[in-house]
Amino acid sequence: MSVARGAEQSFLAFDFGVRRVGVATGSVVLRQAQPLKSIAVEGDARFAAIAALIAEWQPDALVVGVPFHPDGAEHDNTHRARRFARQLHGRFRLPVHEVDERYTTTEARAAGAVDLDAASAALILEQFFRGIPSP
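Residue numbers (my numbering): 4 to 138.
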């Protein structure tokens, strides 16, 4: 993962789902994420909603959770999430980082999250922050 050192970079993170996409925001300096919302529309409307969030939050990069089976094997949603990541990069021309997001929904549910998808996106972003050096 390549993140500029010494910069206060901000991120939007996504927990991709076929029906909903959870969104969270956070910065490298605080290394904490805040759940924002879930987007429950598909196709162009989904990307229009994401474009509005990008315009509002002005992130330096995006993070997408990529699911795997417990044994690390890929499945259909692994490929869908990676395609979504490529689409984000192509549409918004921002760096996109992928993070293994196994168990984030389970963890969000155990924490009592009201919006599981947005809470999962926050967990994905915090996991990303743990994987990069401190500024």
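C-beta atoms are modelled at their ideal positions from N, C-alpha and C, and glycine is treated no differently. Note that the coordinates shown come from a computational prediction; the quantities given were computed from them, not determined experimentally.
Nearest neighbour of residue i, chosen from the options [CA to CA]
i    : options               : result
E104 : F95, L97, A76, Q90    : A76
Y106 : D74, R96, H82         : D74
R3   : A111, P70, K40, F50   : The shown model of the chain, from 4 to 138, leaves out residue 3, and the question about it has no answer.
L39  : D47, N80, F17         : F17
V21  : D63, D79, A64         : D79
D63  : R133, L128, F14, A113 : F14
I135 : A51, R34, G68         : R34
Distance between beta carbons of residue j and residue i, contact taken as under 8 Å
i    : j    : result
F131 : V66  : 5 Å
A114 : A122 : 7 Å
Sheet register partners of residue i (DSSP bridge)
i   : result
Q90 : DSSP output for Q90 lists no bridge partner at all.
T28 : L15, Q37
Boundaries (first-last residue) of the alpha helix (DSSP H) holding residue i
i    : result
S123 : 119–133
A116 : Looking at the DSSP string, A116 is not in any alpha helix (DSSP H), and its letter there is neither H nor E.
Continuous beta strand (DSSP E) stretch holding residue i: start and end
i    : result
G46  : Run containing G46: none in the beta strand (DSSP E); it sits in the alpha helix (DSSP H), 46–60.
E101 : 99–103
V69  : 64–69
Residue i (DSSP reduced to helix, strand or coil)
i    : result
A151 : Because the chain spans 4 through 138 in this model, residue 151 falls outside it and cannot be assessed.
F95  : helix
A193 : Residue 193 cannot be examined here, being either before or after the span of the chain that is shown, 4 to 138.
R22  : coil
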